[in-house]
Amino acid sequence: MAWLIGFFAITFNILMIYPNILNIKRSPITFVGIMNKTLVILVGIGDFLMGGYLLAIAIIDRYYGSTYCINQAKWLSSSYCAVLGVLSTIGSQLSLFSMTVLSLTRLIGIINAMKSSFYNSRTILCLCCRSNYAGKHFLIYDCNNTASSFI
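Letter by letter, the sequence shown follows residues 149 to 299 in my numbering.
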């Protein structure tokens, strides 16, 4: 099942990312439109990375098969496991934060639909920086708690 999900995630995210990148370059749109397209592309990249992670896990599962329990320590201490862990974390965090900023900009746009001066670049940039700072803060806090549990 992981093969199928990974394959579809990679295929459909490539089919989504490529035309959106071309549309950013071709069509003259507003700053908000560029930001929305960029965030959608970032969600697609995060999901693409997760699809690659799923395919890699399916390959590792096929390789170890029923001997995983015997080779668990070897796998957990390998660099492949570490790389897949980083890939999984980057993919999920990229999707999560891009989707959060995208949802917040759309929510604020709905709330302030009658105000024409809301969507200026400074407000949107400030929103992106604050969410990025909050995400890094929570990620560092979570990593510190996780690292202390292994010591």
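Cβ atoms here follow ideal geometry from the backbone N, Cα and C, with glycine treated the same way.
Predicted model only: the values in this text are computed from it and were never measured.
Coil, strand or helix - residue 186 by DSSP: In the sequence shown, residue 186 corresponds to position 38, counting from 1. Here residue 186 sits in helix by DSSP.
Look at residue 253 and residue 184 and say whether their C-beta atoms are less than 9 angstroms apart. Sequence index remark: in the sequence shown, residue 253 carries index 105 (1-based). Sequence index remark: in the sequence shown, residue 184 carries index 36 (1-based). Going by C-beta atoms, residue 253 is nearer than 9 angstroms to residue 184.
Excluding sequence positions up to five away, which residues of its chain have a Cβ less than 8 angstroms from the Cβ of residue 249? The residue given as residue 249 occupies position 101 in the sequence shown. These residues qualify, in order along the chain: 187, 275, 276 and 279.
Out of 206, 213 and 199, which one is the CA nearest neighbour of residue 235? On the sequence shown, position 87 is the one that residue 235 refers to. Taking only the C-alpha atoms, the option nearest residue 235 is 199.
Contacting residues, own chain, Cβ-Cβ under 8 angstroms from residue 229 (five flanking each side not counted): Reading the sequence shown from its first residue, position 81 is the one you call residue 229. 223, listed in sequence order.
Grab me the residues of residue 216's own chain with a C-beta within less than 8 angstroms of its C-beta, minus the 5 sequence neighbours each way, in chain order. Within the sequence shown, the letter at position 68 stands for residue 216. Here the set comprises 209 and 223.
Taking all protein chains shown into account, do 16 or more other C-beta atoms lie within 10 angstroms of the C-beta of residue 189, making it buried, or fewer, making it exposed? Position 41 of the sequence shown holds residue 189. Residue 189 comes out buried.
In angstroms, rounded to a whole number, what distance separates the CA positions of residue 169 and residue 195? The residue you call residue 169 lines up with position 21 of the sequence shown. The residue you call residue 195 lines up with position 47 of the sequence shown. Taking the straight line from one Cα to the other gives about 16 angstroms.
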